[in-house]
Amino acid sequence: MHTPKFTLILAAVAAALFIAFRLIGNDYLFFAGYTVLQYVVIATAWNILGGYCGYVNFGSAGFFAVGVYSTVFFHNIGQQFDFQLPIPVLMVIGGIMSGLLGLGMGYLTLRLRGVFFAIATLALLVVIETFVVNWSFVGGSRGAYIIPPSEIPVLGAFIQYLFLLMLVLVVLSLVVARTIERSNLGVGFATIRDDELAAEASGVPTLRLKLIATVVSGALFGMAGAPFPYYIGYVEPGSAFNLAYSVNAIAMPMIGGTMTWVGPMVGALLLSTLQQVITVTISSAANLLITGLLLIGFVILAPKGLVGLWQGFTAGRKQS
Amino acid sequence: MQFDLLINAIIAGLMLGGFYAAVTAGISISFGMLDIVNIAHPGFIILGSYIAYIVSANFGIDPIIVAILALPVFYALGTGVYGIYFQSFEKRGQDALRGLAFFFGLLFVTEVGLILVFGVDYRTVDTVYAGGSLKLGIMEFPLRMLVPALVSLAMFAALQLYMSRTFIGRAVMAVSQDPQALELMAVDPTRIKRIAFSIAMATCSMAGAFLIVIQPVLPSSGREYIGRVFAICVLGGLGSLPGTLIAALLIGVIESIATTFYGPSWAPAVSFGLLLLTLAVRPSGLLGR
Numbered sequence: 004m005h006t007p008k009f010t011l012i013l014a015a016v017a018a019a020l021f022i023a024f025r026l027i028g029n030d031y032l033f034f035a036g037y038t039v040l041q042y043v044v045i046a047t048a049w050n051i052l053g054g055y056c057g058y059v060n061f062g063s064a065g066f067f068a069v070g071v072y073s074t075v076f077f078h079n080i081g082q083q084f085d086f087q088l089p090i091p092v093l094m095v096i097g098g099i100m101s102g103l104l105g106l107g108m109g110y111l112t113l114r115l116r117g118v119f120f121a122i123a124t125l126a127l128l129v130v131i132e133t134f135v136v137n138w139s140f141v142g143g144s145r146g147a148y149i150i151p152p153s154e155i156p157v158l159g160a161f162i163q164y165l166f167l168l169m170l171v172l173v174v175l176s177l178v179v180a181r182t183i184e185r186s187n188l189g190v191g192f193a194t195i196r197d198d199e200l201a202a203e204a205s206g207v208p209t210l211r212l213k214l215i216a217t218v219v220s221g222a223l224f225g226m227a228g229a230p231f232p233y234y235i236g237y238v239e240p241g242s243a244f245n246l247a248y249s250v251n252a253i254a255m256p257m258i259g260g261t262m263t264w265v266g267p268m269v270g271a272l273l274l275s276t277l278q279q280v281i282t283v284t285i286s287s288a289a290n291l292l293i294t295g296l297l298l299i300g301f302v303i304l305a306p307k308g309l310v311g312l313w314q315g316f317t318a319g320r321k322q323s
Numbered sequence: 011m012q013f014d015l016l017i018n019a020i021i022a023g024l025m026l027g028g029f030y031a032a033v034t035a036g037i038s039i040s041f042g043m044l045d046i047v048n049i050a051h052p053g054f055i056i057l058g059s060y061i062a063y064i065v066s067a068n069f070g071i072d073p074i075i076v077a078i079l080a081l082p083v084f085y086a087l088g089t090g091v092y093g094i095y096f097q098s099f100e101k102r103g104q105d106a107l108r109g110l111a112f113f114f115g116l117l118f119v120t121e122v123g124l125i126l127v128f129g130v131d132y133r134t135v136d137t138v139y140a141g142g143s144l145k146l147g148i149m150e151f152p153l154r155m156l157v158p159a160l161v162s163l164a165m166f167a168a169l170q171l172y173m174s175r176t177f178i179g180r181a182v183m184a185v186s187q188d189p190q191a192l193e194l195m196a197v198d199p200t201r202i203k204r205i206a207f208s209i210a211m212a213t214c215s216m217a218g219a220f221l222i223v224i225q226p227v228l229p230s231s232g233r234e235y236i237g238r239v240f241a242i243c244v245l246g247g248l249g250s251l252p253g254t255l256i257a258a259l260l261i262g263v264i265e266s267i268a269t270t271f272y273g274p275s276w277a278p279a280v281s282f283g284l285l286l287l288t289l290a291v292r293p294s295g296l297l298g299r
């Protein structure tokens, strides 16, 4: 399937979803749906570096938070001039900020072996968090309030607007992931994942490819984070840098399958919906416990994730 | 007055560093020598803190003695975890990526398990020496810091002796370099790795008790140690115990000075910044091979 056709189909599915949600007409559905969609973007973003290149990023929450705090920053500046940038613009800015962070991190750490890279990303997360905690313009450790308007023209409830934006971002990130996967870039990424030394020796520009991967992945994280202050209304470092983002960003692609764009999406949709249900019915601590257990279970028992299980299942049927 | 402050900041830093050495010892063995990225290590340290807390709160035994008594339990836990890790990843030759995700999940499960059992309140223990302190001129040694630091140094010395003097200790050093050569010497590398990993896990019991003597503990306290222990381990030159000790003292002193002169909210950035710098400039660490 060519990319334009794929994009159209995906957009049609997204539109159908939005219309269906509107027909049901329950605002909570949009509220919970936003979180699920946000995780689809986060999982996809992680997978571009983690799944395609084999570089584990533990600092996903840091990239996400840079998106969040770039919005807080411009919101606070906007308040002095009595003018607010529209959220889509803020998303682009957040994406650029996180993308730049990805570029910087790439230059600093991508010469490192896989495991060291993973630890360095974790360190980066804490360094950024410390800076934000000590930066009083964006609220510091006290946090910052952003009061979203409750209504918006045409759509009605503001949460529907946010949901729609996130839906567009989901379509965008899935198209990006799929395009990368099928292009020369994806092949290059795969050579890095399978044997970086051999790739380097055969003339693959590994460093440049890895930088592309960190920038694209970082930018998607930032774009996912940018609308978050409007969604939650009150941001503090503890919620923006929540380790749950880092864990989910790894767990969802691992559970879904890291080789294709389908895996992170499936993993995020299932796991995040499950988490929403558990948070409402049992407790939010239990939902993290189950995420951790599922992650352990899947890496041990089904290393290729749900997609791998499904492929094994269909291949097994063909043979018999 | 500034001079007094500086001297005491350095002393506090050295004691803090002694404690960090105990926290990092296990990582230096498992990550530095065995190449097992046990990112869940700080989680198990917090588990050690809570075990020291329960026993000490119920029976009034000193937490450090509790930790020594709990060593076999942690040793067995280490054997169990290594068993799973070996069967699922090492034996199959799976990439390190999945092993990493496994330990990340383990860290999370430990933390959330503790939250579900104990809640999110701070826990502390009472020790006979908690309030006391030793004064030498302008220098002040709070016993709350001094006792853990000294026991930690003793533990470190014992570990170093074990690793450099006994057959198994030397085999552990060897397994990190060439497991195949070890097999030719009729030693089972898996067995050696299992023992080493279990020892690494046993240090969690001690480090956990030190932690709860020094400060109140939360289930999520482990997180701030993840970066710190890896910073120390990498800075010390992976797998070198003396290097780890030097790096631990160094980071302890730098953090303590940063806390004294710039405020505690900047302290975490110091070790992590140092880690990033080390990784970018000299990945082989201070005493790297």
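Those protein sequences? They're chains A and B, same order as listed.
So the first sequence is numbered by my numbering: it starts at 4 and just counts up by one.
So the second sequence is numbered by my numbering: it starts at 11 and just counts up by one.
The C-beta atom is built at its ideal place from N, Cα and C for all residues, glycine as well.
Residue i classed as buried or exposed, judged by whether at least 16 other C-beta atoms fall within 10 angstroms
i	result
H78 (chain A)	buried
A133 (chain B)	Here residue 133 (chain B) turns out to be Arg, not Ala, going by the sequence shown. Its Cβ being crowded by 16 or more others within 10 Å, R133 (chain B) is buried.
N29 (chain A)	exposed
L245 (chain B)	buried
Y234 (chain A)	buried
Q41 (chain A)	buried
M149 (chain B)	exposed
L128 (chain A)	buried
A206 (chain B)	buried
S249 (chain A)	buried
G295 (chain A)	buried
Q83 (chain A)	exposed
K300 (chain B)	No answer is possible for residue 300 (chain B): the residues shown for chain B start at 11 and end at 299.
V92 (chain A)	exposed
R201 (chain B)	exposed
I242 (chain B)	buried
H51 (chain B)	buried
K213 (chain A)	buried
R299 (chain B)	Per-residue confidence for R299 (chain B) stands at a pLDDT of 48, beneath the threshold of 50, marking its modelled position as unreliable; no derived number is given.
L304 (chain A)	exposed
Sub-8 angstroms separation of residue i and residue j beta-carbons
i	j	result
F316 (chain A)	G308 (chain A)	no
L251 (chain B)	Q187 (chain B)	no
F1 (chain B)	V47 (chain B)	The shown model of chain B, from 11 to 299, leaves out residue 1 (chain B), and the question about it has no answer.
E265 (chain B)	L107 (chain B)	no
V69 (chain A)	A147 (chain A)	no
E132 (chain A)	P240 (chain A)	yes
L13 (chain A)	V174 (chain A)	yes
A221 (chain A)	G105 (chain A)	According to the sequence as given, residue 221 (chain A) is Gly; it is not Ala. Their beta carbons are under 8 angstroms apart, which means G221 (chain A) touches G105 (chain A) by this criterion.
L118 (chain B)	C214 (chain B)	First, the residue type needs correcting, since residue 118 (chain B) is Phe and not Leu in the sequence shown. Contact flag unset, no.
I80 (chain A)	P230 (chain A)	no
V161 (chain B)	I74 (chain B)	yes
V130 (chain B)	P229 (chain B)	yes
S231 (chain B)	V135 (chain B)	no
M226 (chain A)	L172 (chain A)	yes
L81 (chain B)	A212 (chain B)	yes
8 angstroms contact criterion, which residue i and residue j should meet: CB distance rounded
i	j	result
I51 (chain A)	A216 (chain A)	6 angstroms
M216 (chain B)	A77 (chain B)	5 angstroms
A181 (chain B)	L163 (chain B)	25 angstroms between Cβ atoms; not a contact.
V39 (chain A)	L297 (chain A)	With 8 angstroms as the limit, V39 (chain A) and L297 (chain A) do not qualify as a contact, their Cβ atoms being about 16 angstroms apart.
S275 (chain B)	N137 (chain A)	6 angstroms
D45 (chain B)	T137 (chain B)	Not quite, the Cβ-Cβ distance comes to about 37 angstroms (not below 8 angstroms), so this is no contact.
F151 (chain B)	I21 (chain B)	7 angstroms
G324 (chain A)	S73 (chain A)	What the structure shows of chain A is the stretch from 4 to 323, and residue 324 (chain A) is not part of that stretch, so it cannot be assessed.
G311 (chain A)	G260 (chain A)	5 angstroms
F166 (chain A)	F33 (chain A)	4 angstroms
Chain-ordered residues of the segment 305–316 of chain A with a beta carbon less than 8 angstroms from chain B: P306
Residues from the segment 133–155 of chain A in contact with chain B, defined by Cβ distance under 9 angstroms: T133, F134, V136, N137, G143, S144
Residues in the segment 266–296 of chain B having any Cβ partner in chain A nearer than 7 angstroms: S275, W276, P278, A279, F282, G283, L285, L286, L289, A290, P293
Selection of the segment 59–84 of chain A by Cβ proximity to chain B, strictly under 8 angstroms: V59, F61
Given 8 angstroms, three or more beta-carbon pairs between the segment 72–91 of chain B and the segment 261–269 of chain A: no
The segment 217–225 of chain B in contact with the segment 54–73 of chain B per 3-pair CB rule at 8 angstroms: yes
Stretch pair the segment 250–260 of chain A + the segment 233–243 of chain B: three plus CB contacts closer than 8 angstroms: no
Cβ contact (3+ pairs, closer than 8 angstroms) linking the segment 154–161 of chain A and the segment 267–283 of chain B: no
Contact residues within the segment 169–180 of chain A, judged by C-beta distance below 7 angstroms to chain B: none
Residues of the segment 118–146 of chain B with Cβ closer than 9 angstroms to any Cβ of chain A, in chain order: F118, V119, T120, E121, V122, G123, I125, L126, V130
Members of the segment 187–210 of chain A that neighbour chain B once the beta carbon cut-off is set at 7 angstroms: none
Proximal residues, the segment 185–208 of chain B versus chain A, C-beta separation under 7 angstroms: none
Interfacial residues, the segment 248–266 of chain A to chain B, with Cβ spacing under 9 angstroms: S249, V250, I253, A254, M257, T261
Residues of the segment 35–48 of chain B with Cβ closer than 7 angstroms to any Cβ of chain A, in chain order: V47
Chain B contacts made by the segment 33–59 of chain A, where a contact means CB separation under 9 angstroms: G53, G57, Y58, V59
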